[in-house]
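Q: Taking this note's numbering, the leading residue of the sequence shown gets 4, the next gets one more, and so forth. Where a beta carbon is used, it is the ideal one built from N, C-alpha and C, also for glycine. Keep in mind the model is a prediction, meaning the values are calculated, not measured.
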Amino acid sequence: MGKFDALFEDEDDIFAGSPVSKYWDISAQLSEDLIKDEFDLLIQRIAVMEAMLAETHDYEDLDKTIKNYAVINMDKIDHLKKSVYMELAGQLIYRVAE
């Protein structure tokens, strides 16, 4: 279970929108520099996860491995994706409040 499970009980009613729509609503209100910085942090996170995954899987087949896992675990991935959007939206809000 993700950190934000309680918020997904009615996806269309979460703060008047889905986690995806709320992330983009928030990001549209922020400076381009802040968005670029957060995007760079996201890319860094992906690069670290790929490096970790490559320790146990062939680096050349990572894309295929990731796609296969996503298909097999579609519901789990969809749920985690919503949690990640909520986490990223929270980070954006936190950065503005700094």
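Using three-state DSSP, classify T129 as helix, strand or coil.
A: Any property of residue 129 remains undetermined from this structure, which presents the chain solely from 4 to 101.
Q: Do K39 and A92 have their beta-carbon atoms positioned less than 8 Å apart in this structure?
A: no
Q: To the nearest angstrom, how far is the alpha carbon of A73 from that of E90?
A: Distance from the CA atom of A73 to the CA atom of E90, rounded to whole angstroms, is 20 Å.
Q: Compute the distance between the beta-carbons of L95 and S30, then report whether it is under 8 Å.
A: Yes, the Cβ-Cβ distance between L95 and S30 is below 8 Å.
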